[in-house]
Amino acid sequence: MSTSAILVLNGPNLSRLGKREPEVYGSRTLDDINRELAESFPGVAFDFCQSEDEGALIEKIFRTEDGGDCRGVVLNAGALTHYSIALRDAISAVKLPVVEVHLSNIYAREAFRRTSVISEVCLGVISGFGARSYHLGVRAILDRE
Ligand code: DQA
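According to the working numbering, the sequence shown is numbered sequentially starting from -19.
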């Protein structure tokens, strides 16, 4: 099994978890979620990253691939999920396995959230399990090795 890191990458507005619509996204902060991941998978090295900026997320994906030390990416792209062809192209451009995750069930919400432009280029999608979506995303990367 690989000893390289799993990148947990979060997009716009996920820095506000805990305060942001807790009835939809839960009461845990992003730091809580990241800490729980590290505790649940003590043998895994994590690289945690969040940005409000599409370009920064794309650059992070490329830097991570170029670093050559990443076994997969758990990506919550936030609203970029629904419209960012640039992010989709970046995922297509790398060989890293990317698991798309969402706290909420995007298929049970507004119509505009039911489209993901990144799903097709991701390994799979985990949506609707709250903070557990991230755990399941990590599991999906580990189980395919
Ligand atoms: C989200 C769902 C998106 O529709 C939304 O824009 C987010 C969070 C989720 O985790 O449920 O920012 O990705």
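Quick reminder that beta carbons are idealized off the backbone N, C-alpha and C, glycines included.
Please read these numbers as outputs of a predicted model, since none were measured by experiment.
Which same chain residues, not among the five before or five after residue i, have their C-beta less than 7 Å away from its C-beta?
{"i": "Asp49", "result": "Ser(-16), Ala(-15)"}
{"i": "Pro(-8)", "result": "Glu32, Gly58, Ala59, Leu60"}
{"i": "Ala18", "result": "Phe26"}
{"i": "Arg8", "result": "Leu(-3), Gly(-2), Ala111"}
Under 7 Å: does the beta carbon of residue i sit that close to some heavy atom of the ligand DQA?
{"i": "Ile106", "result": "no"}
{"i": "Asn14", "result": "no"}
{"i": "Leu(-6)", "result": "yes"}
{"i": "Leu116", "result": "no"}
{"i": "Ser128", "result": "The chain is shown only over -19 to 125; residue 128 falls outside these bounds and no answer can be derived."}
{"i": "Arg93", "result": "yes"}
{"i": "Thr61", "result": "yes"}
Can you name, in chain order, every residue of its own chain whose Cβ lies under 6 Å from the Cβ of residue i, other than the five neighbours on each side?
{"i": "Met(-19)", "result": "With a pLDDT of only 47 at Met(-19), under 50, the local geometry of the prediction cannot be trusted, and no value is derived from it."}
{"i": "Asp11", "result": "none"}
How many Å lie between residue i and residue j at the Cα?
{"i": "Ser72", "j": "Val101", "result": "6 Å"}
{"i": "Val97", "j": "Ser20", "result": "30 Å"}
{"i": "Ile65", "j": "Val79", "result": "17 Å"}
{"i": "Ser(-5)", "j": "Phe42", "result": "22 Å"}
{"i": "His62", "j": "Phe92", "result": "7 Å"}
{"i": "Lys40", "j": "Leu103", "result": "19 Å"}
How about residue i and residue j: are their beta carbons less than 8 Å apart?
{"i": "Gly110", "j": "Leu83", "result": "yes"}
{"i": "Val74", "j": "Asn56", "result": "no"}
Apart from the five residues just before and just after residue i, which ones in its own chain have a Cβ nearer than 8 Å to its Cβ?
{"i": "Arg0", "result": "Asn(-7)"}
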